[in-house]
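One point on numbering: in this note's numbering, the residue at position 429 of the first sequence is 869, and numbering is uninterrupted. Notes for the one structure printed next.
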Amino acid sequence: MALDFVYIEDLAQLEGTTGTLKGWLYNKRGSKGLYFLIVRDGTGLVQCVVNQEEVDAASWDAADAATQESALAVTGRIVKDERQVGGFEVQATHVELISQAEDYPITPKEHGVEFLMDRRHLWLRSRRQWAILRVRNRIIMSIHEFFQEQGFVQMDAPILTGNAVEGTTTLFGIDYFGEPAYLTQSGQLHGEAMAMAMGKIYTFGPTFRAEKSKTRRHLTEFWMIEPEMAFYDLAMNMDLAEAFLVRIATDALRDCQTELEVIGRDTAPLEKVKSPFPRLSYSEAVDLLRSDETTAMLNAREAALQDEQQQLTDERDANQKAYGQAKKWRKRQIDAREIEINKRLSEVEEALRNIPQWRESAKNFEWGSDFGGSDETVLTWHFDRPIIVHRYPAVVKAFYMKRDPDDDRLALGMDVLAPEGYGEIIGGGERATDLQFLKDQIAAHGLPESAFEWYLDLRRYGSVPHAGFGLGLERTVTWICGIDHVRETIPFPRLLGRLKP
RNA sequence: UGCAUGGUAGCUCAAUGGCAGAGCGCCCGGCUGUUAACCGGGAUGUUGCAGGUUCGAGUCCUGCCCGUGCAGCCA
């Protein structure tokens, strides 16, 4: 197919030729007789130079009239210029205004979260969002490639279900022709059925949780990848999860250099995502949490934060003192810096408020409870790569988990915790195979056995050892991108109190 | 749901209980290589809502609404 225009990502192959770009105006600078149009087309950014002496009057008028996010077609010579974004520049010979944008609300300056979230449909055009969502795309491709190359069959679990797997409080209920139904919370039970048909499968679909959680880690609608493998035990499951994450990180580092740079991701921590991952049993993790080593580490972090707080406060005071005599450009610089300082200071203050509680929570952690968010964060601070925690107390895990044959109090579950405080991105384990054990567990969890008859059939007809896990896509993208909130990792996030746009 | 924190110009944010301000954006003018360009000028306000204290409230008090984060729960 021959296109009558070229894409910015292909400019390197087109150096020295003349081509037409079609895109939107990202930013504009100018002086007398000269405009610099920064154009985006979805594949990248490029600067187009419009010189009044080298274009016709209509082209000059078009460049003059173009406002932010106006649609443009720019024809010109493609030249290399290391100084420019993307390394190339287009010297325009013709400019056409395809459509003029009204006042675009998102300027190249800073905006608040609520303002941007209300305009998410436009925010997607910003460079940082472009980069994050391209990393998401790369990760999705890595996931499919990883499983497909190993003979896994992708199978979708239903989104409408009648099964309440872990209690109905976190399920979105709907009316299914007069019958109660729910939006799925996990495809796992159906995944098990499909694994008994195909051997190795993975699901890739949306899941819904009606948790009233307003945190940087929670969405009410998110995408989950759930592999399920017949004849896999817990150790094989952990090996697979580890290889899987190494693949995702390696691919992103190799293929998303530009995107990670735009986001400002320090890639050094990602370079360390290599096998083997540290593996701790739950009991070992509890010992580590309670240890003097953990207390010392938290003390050191606290001291570092206090130093930073002092430095920032000093800098702000010095700036305020200098403000009176400062030149205009310097005042502007100080204003911008003050906003940065205040933002960081409130983060530091928050952390300083939290650390004493975290230290107490870790020191007094009791064997038998589940880890809180802070405990997970504290654990991961001890390591430079993802860690796997396995063999949890059965009481804190789901009914379908297999018990540890060596210790009946334990379930053969495992979680993978991402480094840098990103926390749980994978949860899974080996599934119970015994029919009577499952019936007892369903009863013990207060679940209606009738709803699980089909699931119990899997144990009646050729029950085999099997295992699997679930990966939260958005949490994984958040970690790989090194950003602080899941809401930027999905095109249209669904959060508590947010259903639009 | 509990705790913390915030709501001031279109946006991001300042303002000891004492004349509501800056930068950006917008409009006008200048500038032939800018990098969130720069320089000069201009317009822009129901300080979230409702009460209260006070000579005087953006600031203090009470209630409500909305945002953000943390906890619980989880991927």
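Ideal Cβ positions, reconstructed from N, Cα and C, are used throughout, including at glycine. The model shown is predicted, which means the values in this text are computed figures rather than measured ones.
Exposure of residue i, with buried meaning 16 or more beta-carbon neighbours within 10 Å
i, result
"V926", "buried"
"H885", "exposed"
"M678", "buried"
"E509", "buried"
"D848", "exposed"
"E701", "exposed"
"R694", "exposed"
"A597", "buried"
"G591", "exposed"
"L477", "buried"
"L738", "buried"
"M669", "buried"
"I930", "buried"
"V490", "buried"
"P667", "buried"
"S582", "buried"
"T624", "buried"
"V553", "exposed"
Residue interval of the beta strand (DSSP E) (run including residue i)
i, result
"L562", "No beta strand (DSSP E) holds L562; the alpha helix (DSSP H) holding it covers R560 to W563."
"I882", "Looking at the DSSP string, I882 is not in any beta strand (DSSP E); the run it does join, the alpha helix (DSSP H), is L875 to A884."
"S402", "Residue numbering for the chain in the displayed model covers 441 to 941; residue 402 lies beyond these limits and cannot be assessed."
"L512", "A511 to K520"
"I920", "First-last for I920: L913 to C921, but that is the alpha helix (DSSP H), not the beta strand (DSSP E)."
Own chain, CB closer than 6 Å to residue i, minus 5 neighbours either side, in chain order
i, result
"G853", "Y832, K837, M841 and G869"
"W807", "V726"
"A571", "E699, V702 and I703"
"Q749", "V788"
"A689", "L710 and V713"
"H630", "A597"
"I614", "A621"
Chain-order list of residues whose beta-carbon lies under 7 Å from that of residue i (same chain, five-residue window excluded)
i, result
"R657", "G863, R915 and V926"
"I865", "V856, A858, L911, G912, R915, T916 and W919"
"Q569", "W563 and E928"
"R777", "N759"
"S454", "Residue 454 is actually Leu in this sequence, not Ser. The answer, listed in chain order, is V446 and I518."
"F671", "V904, P905 and H906"
"Y466", "I478, V479, R480 and L485"
From the options, residue whose alpha carbon lies closest to that of residue i
i, options, result
"A802", "V818, E789, L451 and Q749", "V818"
"I610", "Y622, G631 and D496", "Per the sequence shown, residue 610 should be read as Thr rather than Ile. Per the Cα distances, Y622."
"A725", "G645, T820, L887 and L700", "T820"
"A708", "I920, Y475 and R938", "I920"
"R480", "L875, R900 and R567", "R567"
"F811", "R730, I774, I781 and E778", "R730"
"I538", "R523, A502 and T735", "A502"
"E711", "L720, S723 and D691", "D691"
"E632", "L935, T929, R899 and F932", "R899"
"P941", "G552, H551, D521 and L556", "L556"
"Y475", "V530, Y901, L454 and A637", "V530"
"P826", "L875, M676, S715 and K468", "S715"
"F717", "V686, Q625 and R799", "V686"
"G618", "Q876, G627 and G602", "G602"
"G902", "T873, L887 and A891", "T873"
"F805", "T734, D747 and A635", "T734"
"M638", "V593, K654, S626 and G613", "V593"
"R799", "F932, V495, R741 and L939", "R741"
"E494", "Q487, G473 and D504", "G473"
"H551", "E889, Q881, I779 and F823", "I779"
"D757", "A743, A736 and N782", "N782"
Enclosing alpha helix (DSSP H) for residue i [first to last residue]
i, result
"V836", "Segment: none, V836 is in no alpha helix (DSSP H) and carries neither H nor E."
"D695", "L674 to D695"
"A635", "Q628 to M638"
"E589", "R567 to E589"
"R900", "E893 to R900"
"E816", "G813 to T820"
"D496", "No alpha helix (DSSP H) holds D496; DSSP gives it neither H nor E."
"L710", "A708 to E711"
"R469", "Per DSSP, R469 belongs to no alpha helix (DSSP H); it is in the beta strand (DSSP E), T458 to S471."
Sequence-distant residues of the same chain with beta carbon closer than 8 Å to residue i, five excluded per side
i, result
"N794", "S814"
"D706", "G922"
"R574", "C696 and E699"
"G861", "T817, T820 and W821"
"E449", "T483 and G484"
Heavy atom of the ligand PLP within 7 Å of residue i beta-carbon
i, result
"E542", "Inclusion of the ligand PLP in the displayed structure is not the case, the ligand content being empty and no account of it being possible."
Worksheet item: Any contact of the segment 647-664 with the segment 898-909, i.e. 3+ C-beta pairs under 8 Å?
Response: no
Discussion item. Does the contact criterion of 3 or more C-beta pairs under 8 Å hold for the segment 541-550 versus the segment 496-511?
Written reply: A contact is defined here as three or more CB-CB pairs under 8 Å, and the segment 541-550 meets this definition with respect to the segment 496-511.
Item to complete: Tell me, please, whether the segment 515-526 touches the segment 454-472 by the rule of three or more beta-carbon pairs shorter than 8 Å.
Response: When Cβ pairs closer than 8 Å are counted between the two stretches, the segment 515-526 is seen to touch the segment 454-472, the count reaching three or more.
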